[in-house]
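*Asks:* Chains as they are written, first to last, in this note's numbering: chain A, 90 to 285; chain B, 90 to 285; chain C, 90 to 285; chain D, 90 to 285. One structure coming up, written as structure tokens, with questions to follow.
There are 4 protein chains.
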Amino acid sequence: MTLEESIKNPASEDPRIAHTRKVVLAAAIDLLKSEGHEAVTPLRIAERTGIARTTIYRHWPERRDLIADAIEEHKPDWGIESCGDLSADLTMYLGKMVARLTSGPLPQFFVTLIERAEHDEEFADMHCRMAEHRSQPIVAVLEAAIARGELPKDLDVPAAIAAINGPVFYRRLITREPLTDSFIATIVDGFLARFN
Amino acid sequence: MTLEESIKNPASEDPRIAHTRKVVLAAAIDLLKSEGHEAVTPLRIAERTGIARTTIYRHWPERRDLIADAIEEHKPDWGIESCGDLSADLTMYLGKMVARLTSGPLPQFFVTLIERAEHDEEFADMHCRMAEHRSQPIVAVLEAAIARGELPKDLDVPAAIAAINGPVFYRRLITREPLTDSFIATIVDGFLARFN
Amino acid sequence: MTLEESIKNPASEDPRIAHTRKVVLAAAIDLLKSEGHEAVTPLRIAERTGIARTTIYRHWPERRDLIADAIEEHKPDWGIESCGDLSADLTMYLGKMVARLTSGPLPQFFVTLIERAEHDEEFADMHCRMAEHRSQPIVAVLEAAIARGELPKDLDVPAAIAAINGPVFYRRLITREPLTDSFIATIVDGFLARFN
Amino acid sequence: MTLEESIKNPASEDPRIAHTRKVVLAAAIDLLKSEGHEAVTPLRIAERTGIARTTIYRHWPERRDLIADAIEEHKPDWGIESCGDLSADLTMYLGKMVARLTSGPLPQFFVTLIERAEHDEEFADMHCRMAEHRSQPIVAVLEAAIARGELPKDLDVPAAIAAINGPVFYRRLITREPLTDSFIATIVDGFLARFN
DNA sequence: CTTTAATCGAGACGGTACGTCGTGTCTTAGA
DNA sequence: TCTAAGACACGACGTACCGTCTCGATTAAAG
């Protein structure tokens, strides 16, 4: 089985290929996290992993694909277990979000996608897809609340998500102030206050 | 008069230096806007402007400083004329913000600062300074409203700013949906609804 | 097989390396001959040969080594066939020497070595080694003559070589007068006249 | 009086010009001696002397002229006082020559001229002129000896000079062996032995 | 003792070359 | 068949000098 086949048919993978992919993507995530996407190059990864530079080129002819793969590899589970209480659900969701924006590789993924998306359509697409995936649980929570009659039927859901997520991202990426629990509470309270 | 002196004492500037600075920074802004900060290199600027590469290095030994100067050069006036009506003031402010996030070099400045700030303290500082400068008018508007009694005395002003600016930035940078007038209205209405 | 190994173990040479060495050294000798050692730079050679500048740096990190290799590459055979007659042997030797000092790259090698030797120990060493190698045949001729009794047993051989070679080099490098056959004859006759 | 005039008419020199020439040429000789002619650049001299780089360019637009001036500036007196004894005169002459080839800037001048002369007609001319000037005293000595009948009337004087000077230069520049008194004696004796 | 003129110092500037680094392609050998 | 190793062409980088230039500041010489 050739390399091309194995990429298209991941079910029957050459273990060498699987190993290479795993090791390289791990190093890529590490580099992305610690130095930014400009540091994610075949050379740097080769130095870290011992995998030959040429081997990396064979798997990812475009640097872009390597970065994209690394980001996609690392898909956290955004699911939350709704407890039926809107305020609690939103607070839990934002708490999880804040935790992931505070440590781990996610913030670097975001800034990379934000920056690249301005000039690269492929990254822009990936960025949007991730945003959608990320907001799925909150959509579920909001729709459940609508069904329960706690929120108006004609709620502009995307705008609501922006109202909930926006302040957190703004503070994390723009003003770089700390993301405290009371800040989360203020957001949730402010959002819910509209519907009383 | 040395280059350093002339920068500190702009009254007695060598016209050659002034010309070089002007031309180079204009090209830098242009490149930043159209291709992103990685394209802002002495070589690219030299090709565009005819200014020699070495001359650019003489003025900005660090690429970082060149980008920083280019961003600082382009400081838009964020002033708004308060009309005394909080809703109208906020709407006008967000309208202006949306206009600048929709065209012109500003979005590129933001994503550059956001990305670089993750790994470069100097950019982080500049980013925060710009954010503060940008929110000055909205602070004034909010404080005036507090003085008029339209907003509570104990309002968490930074959190309020995050609630107003956050959704716009979120939509522009994360979900990349269009920024419509009705979206602005939703934000402003949602914010004010809390205090009724 | 690394570049270093292949240099030490020429039996198993990568043909690409062999080709690069050959082409580059030929161009180096050419440049040395026509423009002097200051013209022997990776850039000039790259322009002439089509070999990339970086490839040349990989083979010869120091310009000095490149020049040294070029000179060593071009080791002429200084052997003469002694005919048993001292006068004829010396005349033939000087004739050969004059021929090589009159055309070909040798004179440029000499002036390069002479000049560099003043400030570079490595060149000084190479210079001396070449001088020794060059005078081997004349040493043999003189020693044969000593064995035959035509020259005194206590002859100061190095001084004798200086007496024979010196005038030729002096005229070639210092006064730059033409090196005629009669000049050679004068030298040889003058030298032999001492021992009659 | 302009700089151009003063160069052509050194009798009435602006003291500033005289000072600049003096200081610069001294530094040039120093550099030439210690690092070779490639180190004789306006920049290096400016660093050593405090004279501005532009001033040096004003005086010597071509680097070649600067080096040439430096060499010409330093014209040692080659005169010897003939004592009437050929052997003693030659020995004294060669002794003086050896002394100058052993210390001081002269050897560097020679190697520079030898090297440059191969590719630069102007240096070749200067080199020949210096060689001629240098051999004047020995010509006088030889002619006196011819007049006294100690040397044949039809002596090939240039060849004789080559026979006397050649070995010394050969040993100094080619084999780099030490120049001892006994070596000088061997040369002189060998030369005189021809005419007994 | 001015005034005029030339030199000088300082350094910006456009260039050219340098030596280094990284990229992507390729060839060869080995597992 | 994939990997390892690395030669290679290419292009950009940041640096160092070069030679030209402009522009005051200083000094010398003539009125």
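No residue lacks a Cβ here, since even glycine has one placed at the ideal position from N, Cα and C.
(1) What is the DSSP secondary structure of H208 (chain D), reduced to helix, strand or coil?
(2) Pull up the CB-CB distance for V80 (chain A) and L121 (chain A), whole angstroms please, since I reckon it's below 8 angstroms.
(3) Rank B:D209, B:E162 and B:L231 by C-alpha distance to the C-alpha of Y182 (chain B) and give the top, closest one.
(4) Considering only their Cβ atoms, is the gap separating I106 (chain B) from E162 (chain B) smaller than 9 angstroms?
(5) Against chain C, does C217 (chain D) count as a neighbour if the rule is that its beta carbon must be under 9 angstroms from one of theirs?
(6) If you measure from the CB of A274 (chain B), is any heavy atom of the ligand MG nearer than 8 angstroms?
(7) With distances taken Cα to Cα, identify the nearest neighbour of R84 (chain D) among D:F272, D:I203 and D:A229.
(8) Within the 9 angstroms Cβ cut-off, does T275 (chain C) reach chain D?
(9) Checking 9 angstroms against the spacing of the C-beta atoms, do H216 (chain D) and R260 (chain C) come in under that value?
(10) Count the other C-beta atoms from every protein chain shown that fall within 10 angstroms of the C-beta of G279 (chain D), then say buried if there are 16 or more, exposed otherwise.
(11) With a 10 Å radius around its C-beta and 16 neighbouring C-beta atoms as the bar for buried, classify G238 (chain C) as buried or exposed.
(12) Please state whether DSSP places C217 (chain A) in a helix, a strand or coil.
(13) Consult DSSP for I118 (chain C) and reduce its assignment to one of helix, strand or coil.
(14) Check whether chain A comes within 9 angstroms of L262 (chain B), counting only Cβ atoms and requiring the distance to be less than that.
(15) Who are the near neighbours of A135 (chain B) in its chain, counting only those whose CB is closer than 7 angstroms to its CB and skipping five residues on each side?
(16) Does any CB atom of chain A fall closer than 9 angstroms to the CB of I235 (chain B)?
(17) Using only the alpha-carbon positions, how far apart do V228 (chain C) and F199 (chain C) sit?
(18) I'd like to know whether the C-beta of A282 (chain A) is nearer than 9 angstroms to at least one C-beta of chain B.
(19) Would you check if the stretch 167-180 of chain A and the stretch 151-158 of chain A touch, i.e. whether three or more CB-CB distances between them fall below 8 angstroms?
(20) In or out: A100 (chain D) buried (at least 16 other Cβ within 10 Å) or exposed?
(21) On the CB-based measure, 16 or more other CB atoms within 10 Å of its CB, does G139 (chain B) come out buried or exposed?
(22) Three-state secondary structure (DSSP) at F284 (chain B)?
(23) Could one say the Cβ of I96 (chain A) lies closer than 9 angstroms to chain B's Cβ atoms, at least one of them?
(24) Taking the Cβ atom as the reference point for each residue, do D245 (chain A) and T275 (chain B) lie within a distance shorter than 9 angstroms?
(25) State the CB to CB distance for the pair W167 (chain B) and R223 (chain B), rounded to an integer number of angstroms; the pair is presumed to be in contact (CB under 8 angstroms).
(26) Which of the three DSSP states, helix, strand or coil, is assigned to H163 (chain A)?
(27) Could you compute how far the alpha carbon of A220 (chain D) sits from the alpha carbon of G255 (chain D)?
(28) At 7 angstroms on the CB atoms, spell out the chain C contacts of R153 (chain D), in chain order.
(29) Is V187 (chain B) helix, strand or coil by DSSP?
(30) When you check each C-beta in the stretch 241-254 of chain A against every C-beta of chain B, which residues fall closer than 7 angstroms?
(31) Please list, in chain order, all residues of the same chain as L195 (chain B) whose beta carbon is under 6 angstroms from its beta carbon, the five residues on each side excluded.
(32) Relative to the C-alpha of E211 (chain A), which residue among A:A252, A:D154, A:A249 and A:E124 is closest?
(33) Mapping the DSSP letters down to three states, classify G173 (chain B) as helix, strand or coil.
(34) Residues in the same chain with beta-carbon distance under 6 angstroms from A206 (chain B), minus the five sequence neighbours each way, listed in chain order, please.
(35) If you draw a straight line from the C-alpha of P209 (chain A) to the C-alpha of E124 (chain B), how long is it?
*Replies:* Working from what's here:
(1) If you number the fourth sequence from 1, residue 208 (chain D) lands on position 119. H208 (chain D) falls in the coil class under three-state DSSP.
(2) As shown, chain A starts at 90 and ends at 285. That puts residue 80 (chain A) outside it, with no answer to give.
(3) Walking along the second sequence from the start, residue 182 (chain B) turns up at place 93. Closest option to Y182 (chain B), Cα to Cα, is B:L231.
(4) Taking the second sequence and counting its residues from 1, one reaches residue 162 (chain B) at position 73. Taking the second sequence and counting its residues from 1, one reaches residue 106 (chain B) at position 17. Result no, Cβ atoms of E162 (chain B) and I106 (chain B) do not sit closer than 9 angstroms.
(5) As a position in the fourth sequence, residue 217 (chain D) is number 128, starting the count at 1. It does: the Cβ of C217 (chain D) has a partner Cβ on chain C nearer than 9 angstroms.
(6) The ligand MG is not part of this structure, which contains no ligands at all.
(7) With chain D covering 90 to 285 only, the question about residue 84 (chain D) has no answer from this structure.
(8) Your numbering for residue 275 (chain C) matches position 186 in the third sequence. T275 (chain C) counts as touching chain D.
(9) Mapped onto the fourth sequence, residue 216 (chain D) falls at position 127. Mapped onto the third sequence, residue 260 (chain C) falls at position 171. No. Outside cutoff.
(10) Reading the fourth sequence from its first residue, position 190 is the one you call residue 279 (chain D). It counts as buried.
(11) For the purposes of this step, residue 238 (chain C) is taken as the residue at position 149 of the third sequence. By the neighbour-count rule (16 or more Cβ atoms within 10 Å), G238 (chain C) is not buried but exposed.
(12) Within the first sequence, numbered from 1, the residue matching residue 217 (chain A) stands at position 128. Of the three classes helix, strand and coil, the one that applies to C217 (chain A) here is helix, per DSSP.
(13) As a working note, residue 118 (chain C) is residue 29 in the third sequence. Reduced to three states, the DSSP call for I118 (chain C) is helix.
(14) Position 173 of the second sequence, counted from the first residue, corresponds to residue 262 (chain B). So, interface residue.
(15) Here residue 135 (chain B) refers to the residue found at position 46 of the second sequence. A141, R142 and I145, listed in sequence order.
(16) Residue numbering aside, residue 235 (chain B) sits at position 146 when the second sequence is read from its first letter. So, not an interface residue.
(17) For the purposes of this step, residue 228 (chain C) is identified with residue 139 of the third sequence, where counting begins at 1. For the purposes of this step, residue 199 (chain C) is identified with residue 110 of the third sequence, where counting begins at 1. Cα to Cα, V228 (chain C) sits roughly 20 angstroms from F199 (chain C).
(18) For the purposes of this step, residue 282 (chain A) is taken as the residue at position 193 of the first sequence. At least one chain B Cβ lies under 9 angstroms of A282 (chain A).
(19) no
(20) Locating residue 100 (chain D) in the fourth sequence gives position 11, counting from the first residue. Residue confidence for A100 (chain D) is low, a pLDDT of 46 falling below 50, so the modelled location carries little weight; the figure read from the coordinates is stated next. When all chains shown are included, A100 (chain D) counts as exposed.
(21) Position 50 of the second sequence, counted from the first residue, corresponds to residue 139 (chain B). G139 (chain B) comes out exposed.
(22) As a working mapping, residue 284 (chain B) is identified with position 195 in the second sequence. Coil, per DSSP.
(23) Counting from one through the first sequence, the residue named residue 96 (chain A) turns up at place 7. Since pLDDT at I96 (chain A) reaches only 48, below the 50 mark, its modelled position is unreliable, and the value read off the structure follows with that caveat. Chain B, which has no Cβ nearer than 9 angstroms to the Cβ of I96 (chain A), makes this no.
(24) For the purposes of this step, residue 245 (chain A) is taken as residue 156 along the first sequence, with counting starting at 1. For the purposes of this step, residue 275 (chain B) is taken as residue 186 along the second sequence, with counting starting at 1. Their beta carbons are under 9 angstroms apart, which means D245 (chain A) touches T275 (chain B) by this criterion.
(25) For the purposes of this step, residue 167 (chain B) is taken as the residue at position 78 of the second sequence. For the purposes of this step, residue 223 (chain B) is taken as the residue at position 134 of the second sequence. With a Cβ gap of about 5 angstroms, W167 (chain B) and R223 (chain B) count as contacting.
(26) Against the first sequence, residue 163 (chain A) aligns to sequence position 74. In the structure shown, H163 (chain A) sits in coil (DSSP, three-state: anything other than H, G, I, E or B).
(27) Along the fourth sequence, read from residue 1 onward, the residue named residue 220 (chain D) stands at position 131. Along the fourth sequence, read from residue 1 onward, the residue named residue 255 (chain D) stands at position 166. Computed Cα separation, rounded: 12 angstroms.
(28) Counted from its first residue, the fourth sequence places residue 153 (chain D) at position 64. Chain C residues near R153 (chain D): none, gap ~13 angstroms exceeds 7 angstroms.
(29) Within the second sequence, the letter at position 98 stands for residue 187 (chain B). Of the three classes helix, strand and coil, the one that applies to V187 (chain B) here is helix, per DSSP.
(30) D245, P247, A248, A251, A252 and N254
(31) Sequence index remark: in the second sequence, residue 195 (chain B) carries index 106 (1-based). So the qualifying residues of the chain are R189.
(32) Within the first sequence, the letter at position 122 stands for residue 211 (chain A). Nearest C-alpha to E211 (chain A): A:D154.
(33) In the second sequence, counting from the first residue as 1, residue 173 (chain B) sits at position 84. If DSSP states are grouped into helix, strand and coil, G173 (chain B) belongs with coil.
(34) On the second sequence, residue 206 (chain B) is found 117 positions in, with the first residue counted as 1. The answer, listed in chain order, is F212, A213 and H216.
(35) Position 120 of the first sequence, counted from the first residue, corresponds to residue 209 (chain A). Position 35 of the second sequence, counted from the first residue, corresponds to residue 124 (chain B). One detail in the question is off: residue 209 (chain A) reads as Asp in this sequence, not Pro. In a straight line, the C-alpha of D209 (chain A) is about 10 angstroms away from that of E124 (chain B).
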